[in-house]
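So the sequence shown is numbered by our numbering: it starts at 2 and just counts up by one.
Each residue gets a CB set at the ideal place from its N, CA and C atoms; glycine is no exception.
Taking it in order: structure first as structure tokens, then the write-up.
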Amino acid sequence: MFQYSAIGMALISLEGNWLKVNKVMCQMLGYAEKELLETDFLKLTHPEDLDEDLKNVQRLLRNEIETYQMDKRYFHKDGHVIYAHLSVSLIRDSEGNPEYFISQVQDITEKKKAIQSLEESERIMRLAIETNFDGYWDWHIKKDCEYMSPGFWKMFGYEPSEKKHHPSEWQSLVVEEDLFLALDKFNEHVSSGGKTPYSVELRFKHKNGSIVWILCKGRVIEWDQNRQAVRMIGTHTDITKLKEAQKMMSQVSKWEALEVMAAGMAHEINNPLAIINGYMDQLNFILKGVKDIESEVYVVLSNVKKNVKRIATIIKALGALSRTINHDEWKEVLLSDVVKEVLAKYKEKFNGNEIVLRFENNASEMYLHGNRSDLVRAIENLVENSFYQIKNLNKEKWIEVRVLQNEGNILISILDSGSGVKKEVRSKIMQPFFTTKPLGHGVGLGLSISKGIIEQHGGTITLDPLAPNTKFDVLLPAFIRKKDDKAA
Ligand SMILES: Nc1ncnc2c1ncn2[C@@H]1O[C@H](COP(=O)(O)OP(=O)(O)OP(=O)(O)O)[C@@H](O)[C@H]1O
Ligand SMILES: [Mg+2]
Numbered sequence: 002m003f004q005y006s007a008i009g010m011a012l013i014s015l016e017g018n019w020l021k022v023n024k025v026m027c028q029m030l031g032y033a034e035k036e037l038l039e040t041d042f043l044k045l046t047h048p049e050d051l052d053e054d055l056k057n058v059q060r061l062l063r064n065e066i067e068t069y070q071m072d073k074r075y076f077h078k079d080g081h082v083i084y085a086h087l088s089v090s091l092i093r094d095s096e097g098n099p100e101y102f103i104s105q106v107q108d109i110t111e112k113k114k115a116i117q118s119l120e121e122s123e124r125i126m127r128l129a130i131e132t133n134f135d136g137y138w139d140w141h142i143k144k145d146c147e148y149m150s151p152g153f154w155k156m157f158g159y160e161p162s163e164k165k166h167h168p169s170e171w172q173s174l175v176v177e178e179d180l181f182l183a184l185d186k187f188n189e190h191v192s193s194g195g196k197t198p199y200s201v202e203l204r205f206k207h208k209n210g211s212i213v214w215i216l217c218k219g220r221v222i223e224w225d226q227n228r229q230a231v232r233m234i235g236t237h238t239d240i241t242k243l244k245e246a247q248k249m250m251s252q253v254s255k256w257e258a259l260e261v262m263a264a265g266m267a268h269e270i271n272n273p274l275a276i277i278n279g280y281m282d283q284l285n286f287i288l289k290g291v292k293d294i295e296s297e298v299y300v301v302l303s304n305v306k307k308n309v310k311r312i313a314t315i316i317k318a319l320g321a322l323s324r325t326i327n328h329d330e331w332k333e334v335l336l337s338d339v340v341k342e343v344l345a346k347y348k349e350k351f352n353g354n355e356i357v358l359r360f361e362n363n364a365s366e367m368y369l370h371g372n373r374s375d376l377v378r379a380i381e382n383l384v385e386n387s388f389y390q391i392k393n394l395n396k397e398k399w400i401e402v403r404v405l406q407n408e409g410n411i412l413i414s415i416l417d418s419g420s421g422v423k424k425e426v427r428s429k430i431m432q433p434f435f436t437t438k439p440l441g442h443g444v445g446l447g448l449s450i451s452k453g454i455i456e457q458h459g460g461t462i463t464l465d466p467l468a469p470n471t472k473f474d475v476l477l478p479a480f481i482r483k484k485d486d487k488a489a
């Protein structure tokens with residue numbers, strides 16, 4: 002029995018010498034029986050496993066345990082390592098004194114190597130996935146646990162230590178309606194037996210409150226006999242930037258479409274409007290000849306005329322908004338002159354309304370390549386807004402205009418003593434047709450036209466949120482040309 006056992010067996014003295022070894026044991030360790038009996042198990046045991054082995058032997062001798070099992074490494078005669086599963090019992094005599102050990106040794110080298118290579122390939126696979134994707138997940142559906150990689154949590158602002166290995170942890174971060182979407186996709190994937198790919202775009206809530214868009218892809222890699230999913234793995238890719246770019250693109254194309262539409266509308270409406278205007282004049286002329294006409298008719302007529310004029314203004318503005326730039330018409334424009342031209346137009350209006358004008362200019366040599374009359378219009382809209390806001394004020398009334406050289410740019414600031422732009426409307430004031438003026442006073446196109454013109458010239462127009470008064474800043478790229486240069 003001892004000799005023919007399918008696993009290695011040995012009797013070992015209390016000192017550690019082999020007393021008897023079977024064939025399998027000899028083959029396993031690569032020794033002839035005689036040779037093996039001359040060595041001891043201490044020499045053949047891998048030093049890293051010796052300590053544990055000896056501790057177990059001591060516990061056996063102290064009668065604390067009856068047997069022990071451990072996985073350990075032996076050295077083969079030719080030097081290579083053998084992995085073995087060892088189980089040891091202590092044989093005692095009739096009085097209970099220890100006599101010798103019986104060891105059973107099973108070679109598990111192949112099994113161990115297979116596990117090691119599996120672990121290694123799993124490690125490499127995870128590493129590959131984690132470096133290529135932002136997050137990796139491994140869901141053991143039946144065991145109700147899920148591994149989520151460190152990158153998975155970092156994407157949402159969490160440290161992996163803050164989170165448990167459970168699906169509920171990520172589910173609580175998904176925007177509710179998207180969670181239903183994820184579930185639907187999962188069910189589709191499972192009911193198709195894995196044929197329909199699992200791929201879904203989900204919104205997650207970041208720890209800082211922002212939304213993170215995730216492309217979540219995965220597949221079931223283990224099924225049970227009832228075709229139920231057992232294990233599923235997948236990846237997360239952060240697509241927030243892509244989503245934002247897509248949104249911006251669609252807004253840009255919407256804006257472009259609107260511009261084209263505005264141009265078409267302006268053209269189509271302009272003609273009938275001119276015709277109506279003509280008929281109005283004709284009607285006015287005819288009515289003058291009719292003596293018994295009631296004066297009410299004239300009031301109605303003048304109201305109609307006022308409204309036709311209003312429509313004409315809007316159409317003109319719409320046309321300006323959508324106009325394509327003709328760079329051929331662009332010339333070198335002295336920007337401080339543009340501002341002076343606007344202020345000259347307002348001189349009387351300011352005086353008549355007791356508005357003090359402060360003008361500061363240190364950019365008399367700053368030029369810009371552009372359309373002068375458009376630039377005049379852009380600045381005029383800003384001055385007009387300030388004028389409108391303060392003309393009826395009871396407190397001090399002033400408007401300040403600064404034209405300042407600012408490195409390669411020119412900064413035109415327009416300030417007024419009004420009560421400023423209310424916080425809640427600040428984000429809207431540049432939108433076409435946004436106005437806080439009462440009906441009949443404005444159409445809300447001034448700032449959007451100015452913005453369009455300034456941007457066409459490569460500049461920006463902003464409302465300074467920190468200024469104590471209303472302050473609009475126009476920043477335009479400009480170049481310096483000394484008066485002498487011009488003459489030359
Ligand atoms: N200097 C300012 N002070 C306070 N609010 C302003 C000032 N400039 C603009 N706004 C606000 O921005 C809104 C939009 O301005 P915008 O020039 O586009 O249109 P509008 O002046 O209302 O009408 P329109 O210019 O077509 O006659 C104004 O209705 C006003 O609420
Ligand atoms: Mg305006």
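- Ordered along the chain, residues surrounding ligand 2 are 382, 385, 386, 389, 443, 447, 448 [Cβ under 7 Å from any heavy atom].
- Under the DSSP assignment, residue 99 falls outside any alpha helix (DSSP H), being part of the beta strand (DSSP E) whose first and last residues are 99-108.
- Around residue 233, the same chain offers 140, 142, 219, 220, 221, 222 as residues with beta carbons nearer than 7 Å, after the five sequence neighbours per side are excluded.
- When C-alpha distances from residue 362 are compared across 347, 385, 338, 354, the shortest belongs to 338.
- When secondary structure is reduced to three states using DSSP, residue 3 falls in the coil class, being assigned neither helix nor strand.
- Positions of the alpha helix (DSSP H) runs, each at least 4 residues long and wholly inside the region 339-408, are given as 373-391 in order along the chain.
- Of the candidates 154, 179, 176, the residue whose Cα lies closest to the Cα of residue 167 is 154.
- Judged by beta-carbon spacing, residue 453 lies beyond the 9 Å limit of residue 476, meaning their Cβ atoms are not closer than that value.
- A distance below 7 Å between beta-carbons, with the five flanking residues on each side excluded, links residue 156 to the following residues of its chain, in chain order: 135, 136, 213, 237, 239.
- Remark: the C-beta of residue 430 is in contact range of ligand 1, defined as less than 8 Å to any heavy atom.
- The continuous beta strand (DSSP E) containing residue 230 extends over residues 230-239.
- Residue 445 has its Cβ nearer than 8 Å to a heavy atom of ligand 1.
- As computed with DSSP, residue 70 is found in a beta bridge with 88.
- Judged by their CB atoms, residue 281 and residue 259 are not nearer to each other than the 9 Å cut-off.
- Residue 463 sits in a strand when the DSSP states are folded into three classes.
- Residue 202 is bridged by DSSP to 216.
- Between residue 347 and the set 179, 330, 335, 392, the nearest pair of CA atoms involves 392.
- About 6 Å separates the CB atoms of residue 108 and residue 83; that is less than 8 Å, so the two are in contact.
- Assigned with DSSP and collapsed to three states, residue 417 falls in strand.
- Annotation for residue 42: the continuous alpha helix (DSSP H) segment containing it runs 42-45.
- A direct Cα-Cα distance of roughly 36 Å separates residue 87 from residue 150.
- With distances taken between CA atoms, residue 366 lies nearest to 479 out of 479, 268, 314, 422.
- 9 Å or more divides the Cβ of residue 375 from the Cβ of residue 414.
- If you look at residue 39, you'll find it in the alpha helix (DSSP H) that goes 34-39.
- The shortest C-alpha to C-alpha distance from residue 106 to any of 118, 132, 130, 69 is the one to 69.
- Taking the Cα of residue 352 as reference, the smallest distance to any Cα among 164, 398, 211, 320 is reached at 398.
- DSSP, read as helix, strand or coil, puts residue 440 in coil.
- DSSP places residue 8 in the coil class of the three-state scheme, outside both helix and strand.
- Separation of the CB atoms of residue 426 and residue 464 is rounded to 10 Å, and the pair is thereby denied contact status at 8 Å.
- Annotation: the continuous alpha helix (DSSP H) that includes residue 26 extends over 24-30.
- In this chain, the alpha helix (DSSP H) harbouring residue 50 covers 48-62.
- Per DSSP, reduced to three states, the secondary structure at residue 159 is coil, with no helix or strand assignment.
- By the neighbour-count criterion, in which 16 or more other beta carbons inside 10 Å mark a residue as buried, residue 197 falls on the exposed side.
- Using a cutoff of 8 Å, the CB of residue 461 does not count as near ligand 1, since none of the ligand's heavy atoms is closer than that.
- The residue from 39, 28, 31 with its alpha-carbon nearest to that of residue 13 is 39.
- Here residue 53 has 71 as same chain residues with Cβ atoms under 7 Å from its own Cβ, once five neighbours each way along the sequence are excluded.
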